[in-house]
Amino acid sequence: MWMMMAQLFIDAATRQNPFESSIGYVFKIDGQVLEFGQYLGELDNHEAEWTGLIKALEQAILLDIRTLIIKSDAKVVVDAVSKKYTKNLKFKTYLEQYQLLEQHFDLILIDWIPRDQNKHADHVARHYLNHKN
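Residue numbers (the UniProt record's numbering): 1 to 133.
Written as structure tokens, this is what we have:
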């Protein structure tokens with residue numbers, strides 16, 4: 001089990017022509033950096049951002065991380081998680097998935113960060129968008 005609080009940076013990359021998305025997420029734990037990502041195919045950017053959050057939390061559980069600070073430049077995701085509410089019906093399922101996953105953690109904090117502070121996760125997401133593997 002990781003004893004220190006892990007930082008998790010999440011981002012999605014979406015291309016319009018052809019329409020496709022990917023995700024990237026980066027854990028910073030005890031001086032280590034762990035990168036993960038995935039090509040998603042045809043998902044809009046908001047759905048990709050939500051998928052990135054869910055996949056990253058699933059990975060954190062596999063890594064036995066118990067405390068987590070999540071950093072994302074996706075305001076729609078950060079606001080919904082912080083308020084525990086979304087009006088958008090498409091996002092309710094994602095929020096419910098998040099709420100189930102958060103029960104596996106002792107503490108999760110989520111913060112919105114400007115895009116320029118999320119370059120590492122953006123780089124990982126773009127890698128998977130361009131390489132599809």
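Built from N, CA and C at the ideal position, the CB exists for glycine as well.
**OP:** Would you be able to state if there are at least three C-beta pairs under 8 Å between the region 9 to 27 and the region 85 to 94?
**Re:** No, because fewer than three Cβ pairs between the region 85 to 94 and the region 9 to 27 fall closer than 8 Å, the two stretches do not touch.
Original post:
With a CB to CB cut of under 7 Å and the five nearest residues on each side skipped, what residues in its chain are close to Lys75?
Top reply: So the qualifying residues of the chain are Trp112.
Original post:
Hey, how far is the Cα of Arg115 from the Cα of His123?
Top reply: Going by the C-alpha atoms only, they are around 11 Å apart.
Original post:
If you compare alpha carbons, which of Ala6, Glu35, Glu42 is closest to Glu20?
Top reply: Looking at the Cα atoms, Glu42 is the closest of the given residues.
Original post:
So what does Arg15 bridge to, in DSSP terms?
Top reply: DSSP lists Glu20 as the beta-bridge partner residues of Arg15.
**OP:** Measure the Cβ-Cβ separation of Lys97 and Ile54 and say whether it is below 9 Å.
**Re:** One point to set straight first is that residue 97 is Gln, not Lys, in the sequence displayed. Yes; because the gap between Cβ atoms is below 9 Å, this pair is in contact.
Original post:
Can Leu57 and His104 be called in contact, C-beta distance under 9 Å?
Top reply: Taking 9 Å as the Cβ cut-off, Leu57 and His104 qualify as a contacting pair.
Subject >> Residue span of the alpha helix (DSSP H) that contains Tyr98, given as start and end >> reply: Its alpha helix (DSSP H) spans residues 89 to 102.
Subject >> Between the CA atoms of Leu40 and Gln117 - distance to the nearest angstrom >> reply: Looking at the two C-alpha atoms, the distance is approximately 23 Å.
**OP:** For Ala125, I'd like the list of residues in its chain whose CB is within less than 7 Å of its CB, leaving aside the five on either flank, ordered along the chain.
**Re:** For Ala125, same chain residues with a beta-carbon under 7 Å away, outside a window of 5 residues either side, are Asp11, Ala12, Ala13, Ser22, Ile23, Gly24, Gly37 in chain order.
Original post:
What is the DSSP secondary structure of Asp111, counted as helix, strand or coil?
Top reply: Asp111 sits in a strand when the DSSP states are folded into three classes.
Original post:
So who's on the other strand from Gln7, going by DSSP bridges?
Top reply: Looking at the DSSP assignment, Gln7 forms a beta bridge with Lys28, Ile69.
Original post:
Does the Cβ-Cβ distance between Leu107 and Met5 come in under 9 Å?
Top reply: Taking 9 Å as the Cβ cut-off, Leu107 and Met5 qualify as a contacting pair.
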